[in-house]
Amino acid sequence: MAIREGYERGDLTDIRWINRRDNLADVITKAAANTSIEQLINTNELELQV
Numbered sequence: 023m024a025i026r027e028g029y030e031r032g033d034l035t036d037i038r039w040i041n042r043r044d045n046l047a048d049v050i051t052k053a054a055a056n057t058s059i060e061q062l063i064n065t066n067e068l069e070l071q072v
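Per the numbering used here, the sequence shown starts with residue 23, numbered consecutively.
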């Protein structure tokens with residue numbers, strides 16, 4: 023609930039959805055392949071669509 027609490031207190035003002043194919047956290051939480059981590063490893067760059 024830390025994100026919700028931060029938003030309610032006004033600490034967080036700009037929350038955006040990150041597309042699943044760009045979400046690095048999916049690599050450790052989902053079984054499906056995610057190309058964003060492969061891109062990061064190969065190029066040391068990450069492009070996010072928000």
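Cβ atoms here follow ideal geometry from the backbone N, Cα and C, with glycine treated the same way.
Under the three-state reduction of DSSP output, THR51 falls in the helix class. In the structure shown, LEU46 falls within a coil segment according to DSSP collapsed to helix, strand and coil. When secondary structure is reduced to three states using DSSP, GLN71 falls in the coil class, being assigned neither helix nor strand. Looking at the backbone, the Cα of GLU69 and that of ASP44 are separated by about 8 Å.
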